[in-house]
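Enquirer: Last residue of the sequence shown? That's 821 in my numbering, and every number before it is there in order.
Ideal Cβ positions, reconstructed from N, Cα and C, are used throughout, including at glycine.
All values derive from a computational prediction rather than experimental measurement.
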Amino acid sequence: MKKFLDALQSERHFSRDKPIVEGSQMRSFRAVLIGTACVFSSAGTAWAQETLTVSGTAAPAPTDVAGADGDIVVTAQRRNERLQDVPVSITALSGDQLADKRIASPTDLVSSVPNLQAASTVGEGIPVFSLRGISMSDYSINQQGPVATYIDDVYKGTFPLLPVALYDLERVEVLRGPQGTLYGKNTTGGAINIISRRPGFSTEGYLAVGIGNYQRYEANGALQAALSDKVAARVAFTFARADGWFKNRLPGQADANATRQYAVRVSLLAQPTDRLQFLLRLSTSLQNPTNYGIFARPAADGIGAGAYELFGGSSYFRTGIGRRELESEYAERRRHRTYGASLTTNWKATDDLTVTSVTSYDYGKLFIPEDADGSPLKAVEDDLGGRARQFSQDLRIASDFDNGLDFIAGAYYSRETISAQTTYSYFTDIDVTRNGVIDAEDCTQDFLTSCMYSNRYHQRKSSAAVYADVNYALFPRLIARAGLRYTRDTGRISGYNARVLGADGTPIANTIPGDPVDFDATASDGFRKGTVTGRAGVDYKLPGGNLLYASYSRGYRASAFNAQAYFLPTELNVAKPETVNAFEVGFKSQFFGRAVTFNGSAFYYAYKNQQALSIDPDTVAQTLVNIPTSRMAGAEFELSARPAPHIRLNAGLGLLSTKIRTGTISGVVLAGNRLPNAPSVSLTAGAEWDVIDTDGGKLTLGVDGNHNSKQYFELMNEDRIAQKGYVVVNGRVAYRSGDGQYGIAAWAKNLFNRYYFRSSIDVTGFGFDFFQVGEPRTYGITADMKF
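#1: Drop a sphere of 10 angstroms on the beta-carbon of Ala-71, count the other beta-carbons inside from all chains shown, and report buried for 16 or more, exposed for fewer.
#2: Round the Cβ separation of Ile-464 and Thr-192 to the nearest angstrom and send it over; I've been treating them as touching at under 8 Å.
#3: Please classify Ala-609 as buried or exposed, where buried requires at least 16 other C-beta atoms within 10 Å of its C-beta.
#4: Taking one C-beta from the segment 199-217 and one from the segment 242-251 each time, how about it: are there three or more such pairs within less than 8 Å?
#5: Let me check understanding here. Comparing Cα to Cα, which of Asp-538, Ala-514, Asp-554 lies closest to Asn-531?
#6: For Ala-629, which residues in the same chain have their Cβ closer than 7 Å to its Cβ, ignoring the five residues on either side in sequence?
#7: Considering only DSSP beta bridges, list what Pro-332 is partnered with.
#8: For Thr-384, which option in Gly-327, Leu-314, Arg-309 has the closest C-alpha, if you only look at C-alpha atoms?
#9: Which same chain residues, not among the five before or five after Thr-91, have their C-beta less than 8 Å away from its C-beta?
#10: Could you compute how far the alpha carbon of Gly-634 sits from the alpha carbon of Glu-670?
#11: Quick check on Glu-343: buried or exposed, where buried means 16 or more other Cβ atoms within 10 Å of its Cβ?
#12: Just checking my contact of Thr-567 with Thr-215 at CB under 8 Å: how many whole Å lie between their CB atoms?
#13: Unbroken beta strand (DSSP E) runs of length 3 or more, entirely within the segment 140-179: which are they?
#14: Based on the DSSP secondary-structure assignment, which residues constitute the bridge partners of Ala-636?
#15: Per DSSP, Asp-573 forms a beta bridge with which residues?
#16: May I have the straight-line CA-CA distance separating Thr-483 from Glu-475, to the nearest angstrom?
#17: Quick one: is Leu-439 buried, meaning 16 or more other Cβ sit within 10 Å of its Cβ, or exposed?
#18: Measure the CB-CB distance between Arg-369 and Tyr-397 and report whether it falls below 8 Å.
#19: Given a cut-off of 8 Å on the beta-carbon distance, is the pair Asp-417 and Thr-456 in contact?
#20: For the beta strand (DSSP E) that contains Glu-404, what are its first and last residues?
#21: Return helix, strand or coil for Thr-125, following the three-state DSSP convention.
#22: Taking three-plus beta-carbon pairs below 8 Å as touching, is the segment 169-189 in contact with the segment 640-658?
#23: On the premise that Val-763 lies in contact with Gly-739, defined as a C-beta separation below 8 Å, what is that separation, rounded to the nearest angstrom?
#24: Shortest alpha-carbon distance to Val-551 belongs to which of Thr-698, Gly-697, Asp-559, Ile-542?
#25: Measuring only the C-alpha atoms, how far is Ala-584 from Glu-618?
#26: Can you give me the Cβ contacts of Gly-730 inside the same chain, cut-off strictly under 7 Å, excluding the 5 residues immediately before and after it?
#27: Leaving out the 5 sequence neighbours to the left and right, which residues in its chain are closer than 7 Å to Tyr-590 when beta-carbon positions are compared?
#28: In this structure, what does DSSP give as the bridge partners for Gln-321?
#29: Go through the segment 414-442 residue by residue and report every complete run of the beta strand (DSSP E) that reaches 3 residues or more, in order.
#30: Ser-319 to Leu-143, Cα distance in whole Å?
#31: Is Val-797 buried or exposed, if buried means 16 or more other CB atoms sit within 10 Å of its CB?
#32: My understanding is that Gln-321 touches Gly-159, with C-beta atoms under 8 Å, so please give their C-beta distance in whole angstroms.
#33: Measuring only the C-alpha atoms, how far is Ser-409 from Ala-110?
#34: Which same chain residues, not among the five before or five after Thr-141, have their C-beta less than 6 Å away from its C-beta?
#35: If you drop the 5 nearest sequence neighbours on each side, which residues of the same chain put their C-beta closer than 6 Å to that of Phe-621?
#36: If you follow the alpha helix (DSSP H) that Ala-474 is in, where does it begin and where does it stop?
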């Protein structure tokens, strides 16, 4: 055992007796594979707005507030405000817009939000967002991205806690820029607020059903009713199934990228008095489709990089199959189950003060099986699994004074636990000893080949914060704003155990903590950190009602443990928090009686200590490090207009320049490189035309699309695996009856069947480049009934 650990740390070829292959060829081959294995594991599992404005109250209101002319409320600053009065760059999409555009997954939001990107690296419905170039490159199950997702005011941090959420919604708000005051940690890039429809006291509902290609069938709906004069309930659901669109040519194996999911949400609203309201939401969701497929583009020596030839076999080349086809021998189902409960209490203590409490509990369980090489071989496969629990409590008080001074002050606490296990296996179909049995002896004969590498751990994090946000009218049209938040984060990872296993699961070595006798020995680590974030700014309301604003804000992403530690005890480490200092100026304007809305902003970010995985070229130790400094600069412009009563237009433009100033990972200097998932230009556009609009009914034609310029998916900026610029176009034809009760629509997404990638990784040490492919053309018909 000691010989094995010594060989692992010194990179010498290990053999119990005599190596099957000797000399520099095997040593070079193995060194490349080890390094690439680390790179591969570093990727985790491999890797319009219309005019949406409102006249609302300053403090949180007991019920949804809706104004005239299609105006809706936004709560981006934890209070009901007219969108055009909020001095923050926001894109807001109403529930009807989301349904019309068929935005059914969070990754679909990129089609309507400039400077927003989303990678489905661990599966549909589990997005890894990038906003204004701020993202993450470590997709371990314990990580929390820098663009936070909130559902009904509850933070959903790690992957297992993210449910099927985009159904029966009031709206989605995408807030750009650090939100370190009112939202807190992990919002260095921004926040995405998903707000579901709350119960009302009228009896009403709807049901929508649909069919589509790939044998798709779906249904969603809701029903609400008053249970008494003070209690109302709403039940909503969604359900969808579709065959996989990534055709698996291997006999007996399922097609990849299937859809198989449902979700249910029950909401109860109680208003015992005019000043007191309780809103209880209970939800559950399940996704268990055949997992996503990988397009593995072979390198010169094929998938396997010549390893199979060394042992009498053959590497794999994709011959005779299309680019949306694969031959995967490990096409298993992904399983993702969530449960959630939240209680929101609003108490209007006085006419000017409202107390809000949000209490939540979430549980999620996630299992992701991945055939990372997308081939009939077992060159690279991995299983990622874990379960998470989270409790959170937010308590705040908001004012609504008439003297020009208003504030929000509060306290927040959350506690999260995660238990996770990951296993990577490499070449477990190679019989190194050539005895007709692939077992633990094959692994001991040759490090890496015929081996599995696993880790498991238990992580606990708690976060406590106090915050205050104040705005004061210096003059009737000039408002000064300031906010401050102090957060204390504590984390501990325990029971960390990394082992080398044979292809048959037999333990061979304990690599972390490296105990030569006890295969189940464990290690631990921890951190404790206090951080101050906040903002300051001014905004000026022009005589016509248009808004100018300027702000400084600071956000941070909390410290993180390296869950990609497999080989050496030194790999188990803690990365420092990321921080962003952001400067922004912007305007919000409306013209021609609100027929035209034109909003824009420009920003500059100083980005420090971005977390990234790095491999030591000398020891192959993989640690979570910090990239010292980067900068981002750019702008967004969004336009919506009604040039005629029956025509609606919208467009958004995102401009972005990113640059790493200082930093090195894996022995490579990054200075001058662009940040990943950050195209220089992103464009969204859409149009709707009511071709017929009479008392008998309305026929509407709609088209929308988005363009992204060239982008990299990794910090090294390898052109070979970059995504060139592309355009995706969607279309819709819909008819609704004159009374609005019935509707039918034909729709198509990715109308021109554009082929593009959502992520990529250089895995040439194993003989291929890894790509996740965007969804092909899908189409169908939906019908709905309101009652």
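Expert: In short:
#1: Position 37 of the sequence shown holds residue 71. Bear in mind that a pLDDT of 44 at Ala-71, under 50, signals an unreliable position, so the number given afterwards is only what the model happens to contain. Here Ala-71 is buried, its C-beta having at least 16 other C-beta atoms within 10 Å.
#2: Your numbering for residue 464 matches position 430 in the sequence shown. Your numbering for residue 192 matches position 158 in the sequence shown. About 35 Å separates the two Cβ atoms, so there is no contact after all.
#3: By one-based count along the sequence shown, residue 609 stands at place 575. It counts as buried.
#4: With the cut-off at 8 Å, the segment 199-217 and the segment 242-251 do not touch.
#5: Taking the sequence shown and counting its residues from 1, one reaches residue 531 at position 497. Answer by Cα proximity: Asp-554.
#6: If you number the sequence shown from 1, residue 629 lands on position 595. The beta carbon of Ala-629 sits closer than 7 Å to those of Ala-675, Arg-676, all from its chain and outside the five residues before and after it, given in chain order.
#7: Position 298 of the sequence shown, counted from the first residue, corresponds to residue 332. Answer is Phe-802.
#8: Working through the sequence shown from its first residue, we reach residue 384 at position 350. If we check each option's Cα against that of Thr-384, Arg-309 comes out closest.
#9: Position 57 of the sequence shown, counting from 1, holds the residue named residue 91. Annotation note: pLDDT 39 at Thr-91 (below 50); position unreliable, no value reported.
#10: As a working mapping, residue 634 is identified with position 600 in the sequence shown. As a working mapping, residue 670 is identified with position 636 in the sequence shown. One C-alpha to the other measures close to 5 Å.
#11: Position 309 of the sequence shown holds residue 343. By the 10 Å Cβ count, Glu-343 comes out exposed.
#12: By one-based count along the sequence shown, residue 567 stands at place 533. By one-based count along the sequence shown, residue 215 stands at place 181. Yes, they are in contact, since the Cβ atoms of Thr-567 and Thr-215 sit about 7 Å apart, within 8 Å.
#13: Those beta strand (DSSP E) runs which fall completely within the segment 140-179 and span 3+ residues are 150-153, 162-165.
#14: Within the sequence shown, numbered from 1, the residue matching residue 636 stands at position 602. Answer is Val-619, Ala-669.
#15: Numbered from 1 along the sequence shown, position 539 holds the residue referred to as residue 573. As computed with DSSP, Asp-573 is found in a beta bridge with Ile-513, Tyr-583.
#16: As a working note, residue 483 is residue 449 in the sequence shown. As a working note, residue 475 is residue 441 in the sequence shown. Whole-angstrom Cα-Cα distance: 11 Å.
#17: By one-based count along the sequence shown, residue 439 stands at place 405. Its Cβ having fewer than 16 others within 10 Å, Leu-439 is exposed.
#18: Here residue 369 is taken as the residue at index 335 of the sequence shown, counted from 1. Here residue 397 is taken as the residue at index 363 of the sequence shown, counted from 1. No, they are not a contact pair.
#19: For the purposes of this step, residue 417 is identified with residue 383 of the sequence shown, where counting begins at 1. For the purposes of this step, residue 456 is identified with residue 422 of the sequence shown, where counting begins at 1. Yes; because the gap between Cβ atoms is below 8 Å, this pair is in contact.
#20: The residue given as residue 404 occupies position 370 in the sequence shown. From DSSP, the beta strand (DSSP E) with Glu-404 extends over 387-405.
#21: Taking the first residue of the sequence shown as position 1, residue 125 is located at position 91. In the structure shown, Thr-125 sits in a strand (DSSP, three-state: E or B).
#22: yes
#23: Here residue 739 is taken as the residue at index 705 of the sequence shown, counted from 1. Here residue 763 is taken as the residue at index 729 of the sequence shown, counted from 1. Indeed, because the Cβ distance is near 4 Å, the residues count as touching under 8 Å.
#24: Along the sequence shown, read from residue 1 onward, the residue named residue 551 stands at position 517. The shortest Cα separation from Val-551 among Thr-698, Gly-697, Asp-559, Ile-542 belongs to Ile-542.
#25: In the sequence shown, counting from the first residue as 1, residue 584 sits at position 550. In the sequence shown, counting from the first residue as 1, residue 618 sits at position 584. A direct Cα-Cα distance of roughly 6 Å separates Ala-584 from Glu-618.
#26: Here residue 730 refers to the residue found at position 696 of the sequence shown. Excluding sequence neighbours, Gly-730 sits near Gly-772.
#27: Working through the sequence shown from its first residue, we reach residue 590 at position 556. The answer, listed in chain order, is Gly-214, Lys-219, Thr-222, Thr-565, Thr-567, Pro-611, Glu-612, Thr-613.
#28: Reading the sequence shown from its first residue, position 287 is the one you call residue 321. Its beta-bridge partners are Gln-295, His-370.
#29: Positions of the beta strand (DSSP E) runs, each at least 3 residues long and wholly inside the segment 414-442, are given as 414-433 in order along the chain.
#30: As a working mapping, residue 319 is identified with position 285 in the sequence shown. As a working mapping, residue 143 is identified with position 109 in the sequence shown. Ser-319 and Leu-143: Cα-Cα distance of roughly 20 Å.
#31: Residue numbering aside, residue 797 sits at position 763 when the sequence shown is read from its first letter. With 16 or more other Cβ atoms within 10 Å, it is buried.
#32: Here the question's residue 321 lines up with position 287 in the sequence shown. Here the question's residue 159 lines up with position 125 in the sequence shown. The Cβ separation is near 6 Å, so the contact holds.
#33: Numbered from 1 along the sequence shown, position 375 holds the residue referred to as residue 409. Numbered from 1 along the sequence shown, position 76 holds the residue referred to as residue 110. Cα to Cα, the separation comes out at about 46 Å.
#34: The residue labelled residue 141 in the question sits at position 107 within the sequence shown. Cβ within range, chain order: Ala-152, Ser-154, Pro-161.
#35: For the purposes of this step, residue 621 is identified with residue 587 of the sequence shown, where counting begins at 1. Within the same chain, and ignoring the five residues on either side of Phe-621 in sequence, the residues whose Cβ sits closer than 6 Å to its Cβ are Leu-582, Gly-634.
#36: As a first step, residue 474 must be located in the sequence shown, where it is residue number 440. Where Ala-474 is concerned, the enclosing alpha helix (DSSP H) stretches over 474-479.
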